[in-house]
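**Q** Whatever position you read off the sequence shown (first residue = 1), add 36 for the working numbering. Note that the Cβ used here is the ideal one computed from N, Cα and C, for glycine as well. Let me give you the structure first, and then I'll get to my questions.
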Amino acid sequence: MTVLLFFNELSTTVEAPQRRTDNVMAELVDLLRMVRGWRGDVALVTAVELKSLELTPGYAVQQWIAASGANRDRWRLIRALQNRAPYRAVLTEGADAEVEYRHGDRLAEGIGAAHLSDGLAVSLTYDMVWDRTSVEARRKMLVEDDLGEVSLREDTVEVRHAATSGHALAHKEWVQETGRDGLVSGDAIWEHRSLFFPHLRFLPRVERDLRELRHDWVRPAANILGKLERSIAEWNMGSAALPLWQTYVSPEFEGRERLCSFVDLDGLTRVFEWHARLTPGAGRLHFRLVPEDRTARVAYVGRKLGI
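So, in structure tokens, the structure goes:
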């Protein structure tokens, strides 16, 4: 379920002075930092091992790191991501055997791998051609028809792309949602909770709730948790006392506080007064806001309490 970012090798062919390289790398690192804030499971996929990658002809990442303290700080962020190389290391075996991608007249391996993997291509902004949220590539592939005849097919495809944090914003929902279709059981929701819901915390008791969750509530629960995650992540605490809820949320009725009281992570019993509805049927997801660390804490997922 890892979010795959494919480094576009075509964006490094421009001759540039060191200062310009520092600037475009700072933009790339800002992009990576933003994406990693949305999802913890991010991998940067490159044609060669990262330190050997050339950022401009004759100037590799290893040299860039050594050039300044600021670059070393940026390298720490990059190093915190998973790095995979070469591109085919993350592709299904044989996926690239009978297909070729070109951007203009140049072979585009990184862009092609991003398209094959339904990932995101990322570039350095030396050239304005990469100042966009998607890029087109010409695809050639061998196709076999129903009669067994093989022919060469050509078409144009559009590939997700970013070179700045501004571009990344256009793909925020995709980053947050990608892979969530794989949450087909309560077990999967529990095991991948920190990847998909970094602004939510779960009481230990919720593990059992999720593992025993009704099958027809699994998808609704994953969707509600995703919407709560986005609500908390986008909460402007300086101007709003509550998040702008992206799903229907309401406080518990007076007199039912006892039913939605749970032992919190610090051992104290607290009321988890907010709830969202699971349908079909009378399902509930109880949580409380924890403004001091900008999270919501989930205490219960299951049938409406008290019935």
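#1: Which residue from R196, I147 and S47 puts its Cα closest to that of A137?
#2: Considering only residues of the segment 189–262, which uninterrupted beta strand (DSSP E) runs meet the minimum length of 3 residues and lie entirely inside it, listed in chain order?
#3: How would you write the range of the beta strand (DSSP E) that L325 sits in, first residue to last?
#4: Which one or two residues does DSSP pair with A96 in a beta bridge?
#5: Run through DSSP, which three-state label would L80 get?
#6: At 4 residues or longer, and completely inside the segment 92–158: list those alpha helix (DSSP H) runs for me, N to C.
#7: Go ahead and label V220 buried or exposed: buried means 16 or more other beta carbons lie within 10 angstroms of its beta carbon, across all protein chains shown.
#8: Would you call the CB atoms of L249 and G338 closer than 8 Å?
#9: Taking the beta strand (DSSP E) that T331 falls in, what are its first and last residues?
#10: Judging by CA-CA distance, which residue of G218, L278, E290 and S170 is the nearest neighbour of T331?
#11: Between F298 and V158, which are expected to be in contact by the criterion C-beta below 8 Å, what is the C-beta distance as a whole number of angstroms?
#12: Could you give the first and the last residue of the continuous beta strand (DSSP E) run that contains W310?
#13: Just the Cα atoms here: how many angstroms apart are A15 and A149?
#14: Please state the DSSP three-state secondary structure of M273.
#15: Provide the residue span of the alpha helix (DSSP H) that contains R55, from first to last.
**A** Looking at the coordinates:
#1: In the sequence on display, residue 137 carries Tyr and not Ala. Among R196, I147 and S47, the Cα nearest to that of Y137 is on I147.
#2: 236–238
#3: G319 to V326
#4: E90
#5: strand
#6: 97–103, 105–116 and 145–152
#7: exposed
#8: yes
#9: T331 to R339
#10: L278
#11: Actually they do not touch by this definition, with Cβ atoms about 42 Å apart.
#12: W310 to L314
#13: Residue 15 falls outside the range modelled here, since the chain spans only 37 to 343, and no answer is possible.
#14: coil
#15: Q54 to W74
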